[in-house]
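Numbering (my numbering), first residue to last: 2 to 461. Quick reminder that beta carbons are idealized off the backbone N, C-alpha and C, glycines included. On a predicted model such as this, the values are computed, not experimentally measured, just so you know.
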């Protein structure tokens with residue numbers, strides 16, 4: 002994508018200037034508003050979606066005014082992703098399971114968000130703005146979470162079952178934990194690369210590490226460590242990455258240890274993991290307060306029957322699955338025998354918590370193969386950029402790395418293709434991949450005319 006020069010050499014009309022301003026800073030504004038899920042209660046839709054509409058309208062105007070062009074990514078992973086989206090929509094059209102409108106809307110619209118981001122972030126300054134906005138949003142949410150915890154207040158509690166856990170501006174504490182883990186991962190990478198204010202990266206990493214345990218998210222307690230470790234390994238400057246990573250993990254450990262609730266949750270999480278490996282109940286014994294810890298049995302986790310039901314759906318419908326968006330409907334009807342008889346109402350989970358199992362159950366082998374192919378191709382493209390060194394490769398590696406914790410979290414808490422940060426990362430990745438291609442094309446345009454003239458003379 003490129004800008005069209007002024008034909009008359011004069012100043013831009015006011016509407017053009019406004020549209021350019023929105024297009025330039027729109028992605029950063031969208032990033033800042035993404036965590037504010039609670040605004041959906043006040044505004045009927047989340048604030049980030051209103052911002053996205055304004056940005057899309059500004060971009061559409063610039064297209065009509067011939068000041069911008071729209072370009073599709075050339076990466077193989079992008080076209081495999083397009084094929085996956087097409088198969089998903091076709092599957093839904095055939096089956097149309099009840100209660101699936103939200104899922105189909107996400108898979109139909111989010112790709113356009115990624116494409117919009119890829120065509121709006123034009124240069125290194127645009128990438129830096131987006132990443133600084135991400136750090137600012139993570140730091141703000143973490144500081145707000147600490148304030149809410151100290152004052153025993155809450156912005157909203159959509160699910161009373163998790164009222165004792167910090168969801169801050171999100172609807173689910175587990176999603177909050179995912180967001181904070183992404184913030185720490187981004188902070189490590191940006192600090193190591195010296196992109197953006199170092200103080201902001203350090204403050205974000207520390208704040209996210211301190212507040213994440215308050216979500217009492219079991220997946221968050223495990224995957225925060227994984228996310229920071231991945232960032233340290235992938236970073237171009239390992240020493241700087243290891244330094245800030247060690248600080249973040251130290252703060253994370255202290256935050257868990259000094260709070261009895263978070264310490265108990267961490268022990269329960271570790272006990273559940275041990276139980277999953279050994280197949281037997283496990284407990285760490287009495288706590289510091291003299292009370293006996295809860296005995297953790299991995300087989301009692303709700304994910305066990307959710308995964309089992311999904312695998313049976315795949316077994317019964319191996320080619321096309323039960324239909325896109327049809328997991329919950331199938332579980333509550335045909336496969337209701339997998340539901341525990343001792344659970345009901347709000348205590349009974351019927352939504353798949355594993356994105357991979359969801360794809361297998363709903364789309365069978367066709368969707369699963371496309372899903373795996375997309376992940377492998379995307380990883381290969383990112384790895385080639387990582388081996389190429391810094392420069393524009395950095396802006397490819399940064400968002401591609403954050404896709405790793407997003408994928409890992411989605412195996413415990415769901416929300417992969419419905420995760421807005423996934424599509425933001427894809428858009429930033431494909432935008433950065435376009436830059437070397439544009440440079441190569443520009444170089445070719447300068448040399449090809451001379452080559453064509455030389456060939457014409459020789460032919461004559």
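Proximity test, Cβ basis, 9 Å: residue i and chain B
i           : result
residue 112 : Considering every chain present, this structure includes no chain B. It has just one protein chain.
Beta-carbon proximity check, residue i vs residue j, cutoff 9 Å
i           : j           : result
residue 404 : residue 358 : no
residue 218 : residue 166 : yes
residue 71  : residue 64  : yes
residue 355 : residue 333 : no
residue 321 : residue 365 : yes
residue 68  : residue 107 : no
residue 81  : residue 380 : no
residue 178 : residue 224 : yes
residue 360 : residue 98  : no
residue 35  : residue 422 : yes
residue 410 : residue 182 : yes
residue 85  : residue 258 : no
residue 311 : residue 256 : no
residue 428 : residue 116 : yes
residue 418 : residue 111 : yes
residue 222 : residue 155 : no
residue 234 : residue 406 : no
residue 129 : residue 192 : no
residue 372 : residue 304 : no
residue 196 : residue 395 : yes
Contact set for residue i: own chain, Cβ-Cβ below 6 Å, skip 5 residues either direction
i           : result
residue 184 : 139, 205, 209
residue 37  : 48, 170
residue 416 : none
residue 104 : 326
residue 158 : 164
residue 216 : 166, 167, 174, 177, 178
residue 27  : 56
residue 470 : Residue numbering for the chain in the displayed model covers 2 to 461; residue 470 lies beyond these limits and cannot be assessed.
residue 51  : none
residue 62  : 20
Per-residue burial, residue i [other beta carbons within 10 Å of its own, 16 or more giving buried]
i           : result
residue 329 : buried
residue 173 : buried
residue 45  : exposed
residue 164 : exposed
residue 194 : buried
residue 200 : exposed
residue 231 : buried
residue 316 : exposed
residue 269 : buried
residue 88  : buried
residue 236 : buried
residue 390 : exposed
residue 153 : exposed
residue 239 : exposed
residue 109 : exposed
residue 435 : buried
Cβ shell of residue i (< 7 Å), same chain only, five flanking positions each side left out
i           : result
residue 40  : 47, 48
residue 229 : 185, 186, 189, 246, 249, 250
residue 432 : 118, 119, 122
residue 53  : 31, 114
residue 102 : none
residue 23  : 55, 56, 59
residue 378 : 77, 78, 81
residue 349 : 340
residue 331 : 314, 323
Beta-carbon proximity list for residue i, same chain, < 8 Å, skipping 5 on both sides
i           : result
residue 32  : 131, 134, 135, 138, 425
residue 19  : 59
residue 306 : 339, 340, 341
residue 92  : 321, 322, 324, 325, 363, 364, 368
residue 203 : 188, 192, 245, 248
residue 260 : 214, 215
What are the start and end residues of each continuous alpha helix (DSSP H) run of 4 or more residues lying completely inside the segment 28–99, in chain order? Listed in chain order, the alpha helix (DSSP H) runs fully inside the segment 28–99 are 40–44, 48–65, 77–96, counting runs of at least 4 residues.
Decide yes or no for the touch test of the segment 49–58 against the segment 72–83: beta carbon pairs closer than 8 Å, at least 3 of them. The segment 72–83 and the segment 49–58 do not touch, with fewer than three beta-carbon pairs separated by less than 8 Å.
Can we say the segment 117–126 touches the segment 399–415, given the rule of at least three CB pairs closer than 8 Å? Proximity of the segment 117–126 to the segment 399–415 falls short of the contact definition, fewer than three beta-carbon pairs being nearer than 8 Å.
Check whether the segment 209–220 and the segment 241–255 are in contact - that is, three or more C-beta pairs closer than 8 Å. Judged by Cβ distances under 8 Å, the segment 209–220 makes contact with the segment 241–255, as three or more pairs qualify.
Threshold first: 4 residues or longer. Then list the alpha helix (DSSP H) segments lying entirely within the segment 128–209, N to C. If you keep only unbroken alpha helix (DSSP H) runs of at least 4 residues inside the segment 128–209, you get 174–194.
I want to know whether the segment 145–154 touches the segment 382–392 - three or more CB-CB distances under 8 Å. With a cut-off of 8 Å, the segment 382–392 and the segment 145–154 do not count as touching, because too few Cβ pairs lie within range.
Only counting runs of 4 or more residues, tell me where the alpha helix (DSSP H) segments fall wholly within the segment 216–263, in order along the chain. Counting only runs of 4+ residues, the alpha helix (DSSP H) found wholly inside the segment 216–263 occupies 219–235, 239–259, in chain order.
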